[in-house]
Amino acid sequence: MNTNIAVKDKPRKNALVMFIHKLGSPPWFYEFTGKLIPWLWLVFAVLAAWALYLGLVKGPADYLQGESVRIIYLHVPAAWMSMLIYSSMAVMAFIALVWRIRMVEILAMCSAPIGAAFTIVTLTAGSLWGRPTWGTYWVWDARLTSELVLLFLYLGVIGLYNAIDEPRKAARAACLLAIVGAVNLPIIHYSVKWWNTLHQGSSVSLLGGSSIDASILWPMLIMAFAVKFYYAANLLTRARVRLLEQDLRKGWVKDLIREQRT
Amino acid sequence: MSHLPFIWAAYSIGAIVLLWCAFAPLVRKKSAIRDIRRLIQLEEPARDADT
Amino acid sequence: MNPEYAGGSLSGAFVALVRRDLLLAFRRRTELLFPVIFLLVVISLFPLGIGPSPQLLARIAPGVIWIAALLATVISLDALFRSDFEDGTLEQFVISGHPLTLIALAKIATHWLVAGLPIVLLSPLLALWMNLSTDSLSVMVVTLALGTPILSLIGSIGVGLTISLKRGGQLLSLLVFPLYVPILIIATAAVMAASDGLPYTQFLGLLTAGLITSVTLAPFAAAAALKISLS
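Residue numbers (my numbering), protein chains in the order written: chain A, 30 to 291; chain B, 236 to 286; chain C, -9 to 221.
Here it is, written out as structure tokens:
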């Protein structure tokens, strides 16, 4: 037996590995995230408030676009999140499928509605930004069209997951779909971008291709950073609820709820 | 044309969507806990009588 | 592979499966016509809805014909595995000695022969109805010949995932249409370039690359999907 040697040689590595292993256990995950979530919300709230203050109150209007450029603080971080969440969902889906880890399945599946929400925000903010900028509520520019297709990919994952009754089978099927979507995403992005230039000559974009002034860039980046904490907080919340629902009859859940009562 | 209504609309819709996304799981959590409590009551009436 | 299995080779299994599925498909010859009739009806709706102006029809012809092809493919996809799923044959395939990837490929091949090939053969008529110029007609046929197998291949992944659902067919379109977007864009670009007299072979090259990639990758994904659905 060489366990003693392992502990002596690399205690730190063992601690991290043990931590990750523990997260795979539902009761431990539930307890740990319960403590973590309020802090995540706090960081999000502070950073978002700061970003909005810098952008909406202190920041200048764009000399070309006028006030409407302020929508950038919502539209671009939301767009980045919609793509980041899909990537993280796909990575988790891959891990879940290959190693069959239930917690990762749950985390992947709970990411989908959050990603869809951000995609919807991107689309509506982009549409409302386009109206004063271009005159119409909807333009088939490369980003909006890509986001629309991304929304359909999200809805497909959510739809498939909800359509199958058995939770683990549903998760596995939706994870496979997420991975297939992820493989296709770059192809879709490039073909849409190229399609846009093909049909409009010059590529049109809300940002006009000009470099962004620092006073506009900073609030946008801060908001982009803040929103990641929103994702983490929301994801862990949803994962905990999913655990409660799935492990309804299990001992750890009943013990937990009984303790909450007293 | 004033840009203000568009900014308001964009941020309001964004806020509504993200708030709904944040609170929807909490609603489900309440009903899940309700179900669990009901399950506990059904299966352990003796324990329930103590409290 | 099971060494006790005294049966044939991999290619033998493939051919046997294709033969069997074609035989089954031809037993219900009327059902073979459904995608064809669907195509004809859908295409004829466009002039009715938009007006018969030849220039307008010619402009939208590539997109319209390709979208109709997409719709027809998705509608016929569910039939790909459904009857075998319902009578348990699919389960037997999964536990048989043969790799599920090969079985998936055989079924996809049959689907294309039965649903995709008619689209390709019918396309000159559809091009005529949509007033597509004759220089782009051959390009249209080639894009369909290259593209419809890709539709069958990628679509089979969606079918594998939804086969165990009662209303799988409806969810299938949502799952599969986003994946079809690149094919639609490239194929219609090829035809439009041809009608404008511009070079189009690069698009055909892209489609060929897509076909080769799909043939190698999609059957694995479809087989994985089937395994999950049948678990």
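Glycine included, C-beta positions come from ideal geometry on N, C-alpha and C.
Note that the structure is predicted; figures quoted are calculated from it, not measured.
- At a Cβ-Cβ threshold of 8 Å, A262(A) and F73(A) count as neighbours.
- Per the C-alpha coordinates, the member of S43(C), R9(C), A199(C) positioned closest to H101(C) is R9(C).
- Excluding residues up to 5 positions away in sequence, V110 lie with their Cβ nearer than 6 Å to the Cβ of A135(C) in the same chain.
- In the pairwise beta carbon analysis, the stretch 238 to 251 of chain B is classified as touching the stretch 151 to 161 of chain A: at least three pairs are separated by under 8 Å.
- Distance check between H218(A) and each of I173(C), M182(C), V181(C) places I173(C) closest, using alpha-carbon atoms only.
- Taking each of K97(C), H88(C), I85(C) in turn and checking the Cα distance to D68(C), the smallest one comes out for K97(C).
- DSSP, read as helix, strand or coil, puts G95(A) in strand.
- Contact residues of the stretch 236 to 255 of chain B toward chain A are M236, H238, L239, F241, I242, A244, A245, Y246, I248, G249, V252, L253 (C-beta to C-beta distance below 7 Å).
- A straight-line Cα-Cα distance of about 21 Å links A243(A) and V75(A).
- When only Cα atoms are considered, I286(A) and K279(A) end up about 11 Å apart.
- Where E176(A) is concerned, the enclosing alpha helix (DSSP H) starts and stops at 171 to 192.
- Closest option to L115(C), judged by alpha-carbon separation, among L61(C), I55(C), S154(C): I55(C).
- The Cβ atoms of M118(A) and G144(A) sit closer than 8 Å to each other.
- Against chain A, the beta carbon of I218(C) has neighbours under 8 Å at K198, R201, A202, L205, listed in chain order.
- Of the residues assessed, R269(A) falls on the buried side of the cut-off, its CB having 16 or more other CB atoms within 10 angstroms.
- The DSSP-derived three-state label of V104(C) is helix.
- Distance from V168(A) to A107(A) at the Cβ level is roughly 17 Å; contact not present, criterion being Cβ atoms closer than 8 Å.
- Residue state for W167(A) is assigned as coil, using DSSP reduced to three classes.
- At a cut-off of 8 Å between beta-carbon atoms, R99(A) makes contact with chain B.
- For Y170(C), the enclosing alpha helix (DSSP H) starts and ends at 158 to 185.
- Contacts with chain A at 8 Å (Cβ-Cβ) do not include I202(C).
- Annotated three-state conformation of L277(A) is coil, per DSSP.
- D170(A) counts as buried, since no fewer than 16 other beta carbons sit within 10 angstroms of its beta carbon.
- Counting C-beta atoms within 10 angstroms of its own C-beta, A267(B) has 16 or more neighbours from the protein chains shown and is therefore classed as buried.
- Judged by DSSP secondary structure, H238(B) falls outside any alpha helix (DSSP H); it is assigned neither H nor E.
- A straight-line Cα-Cα distance of about 11 Å links P139(C) and A208(C).
- Annotation for W281(A): P56 place their beta carbon closer than 6 Å to its own, counting only its chain and skipping 5 residues before and after.
- For S247(B), the secondary structure class from DSSP, reduced to helix, strand or coil, is helix.
- Taking a Cβ-Cβ threshold of 9 Å, none of the residues of chain C is close to G63(A); the smallest such distance is about 32 Å.
- If you look at R72(C), you'll find it in the alpha helix (DSSP H) that goes 69 to 76.
- Straight through space, the alpha carbons of Y59(A) and I130(A) are spaced by roughly 16 Å.
- Proximity of V178(A) to chain C, defined by a Cβ-Cβ separation below 8 Å, is satisfied.
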